[in-house]
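> Structure incoming, see below.
Residue numbers (full-length UniProt numbering): 1 to 101.
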C-alpha cells in the first residue's frame, strides 16, 4: 500500500467526521438560539463546547472563502466548492491545491 492510497483513506475518514461535527455544531447553535429566545439557559459548563464549535465553524468559513477565491482561477463552480470546503475543512483546500491544471 503506497502513500497515495493511505492519504485517500485518511481524507475520506476526515471528510465524514468533519461533516458530522460541523453539522452537529450548527444544530447545537440553532438549538441554543432557540432556547435563549425562550428564556431557557443551558448550564454554563457547556460554554467551552460552544466556543470550540464556534471557533471550528469560523475556521471552516475562512477556509471556504479562501477556496472560493482560489477555485475561481481554476474555472470551477465557486459556490459548490466553497460549500464543500466549508463542510470538509482543510481537506477540501488540500485537494484543491493538489489538483493539476
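For glycine and all other residues, C-beta sits at the position ideal for the given N, C-alpha and C.
In this structure, how does DSSP classify residue 39 when only helix, strand and coil are distinguished?
Reading the chain shown from its first residue, position 39 is the one you call residue 39. Looking at residue 39 - three-state DSSP - the assignment turns out to be coil, as it is neither helix nor strand.
> What did DSSP end up calling residue 2 once you bin it into helix, strand or coil?
Taking the chain shown and counting its residues from 1, the one referred to as residue 2 is at position 2. Correct three-state label for residue 2: coil.
> Cβ of residue 31 versus every heavy atom of the ligand PLP: is any distance shorter than 7 Å?
You won't find the ligand PLP in this model; it holds no ligand whatsoever.
> Have a look at residue 92 and residue 27 and give me their C-alpha separation to the nearest angstrom.
Position 92 of the chain shown holds residue 92. Position 27 of the chain shown holds residue 27. Taking the straight line joining both Cα atoms gives about 22 Å.
> What does a CB cutoff of less than 7 Å around residue 70 pick up in its chain, not counting 5 residues either side in sequence?
For this step, residue 70 is matched to residue 70 along the chain shown. Around residue 70: 96.
> So, residue 42 versus residue 32, is the Cβ gap smaller than 8 Å?
Along the chain shown, one-based indexing puts residue 42 at 42. Along the chain shown, one-based indexing puts residue 32 at 32. Yes, the Cβ-Cβ distance between residue 42 and residue 32 is below 8 Å.
> Can you list the alpha helix (DSSP H) stretches of 4 or more residues lying completely in the segment 11-92, in chain order?
Entirely contained in the segment 11-92, the alpha helix (DSSP H) runs reaching 4 residues are, in chain order, 47-72 and 78-88.
> Does the distance from the CB of residue 59 to the CB of residue 82 come in under 8 Å?
As a position in the chain shown, residue 59 is number 59, starting the count at 1. As a position in the chain shown, residue 82 is number 82, starting the count at 1. For residue 59 and residue 82, no; Cβs fall outside 8 Å.
> Does the separation of the CB atoms of residue 25 and residue 56 fall below 8 Å?
Translated into positions along the chain shown, residue 25 becomes position 25. Translated into positions along the chain shown, residue 56 becomes position 56. Yes. Within cutoff.
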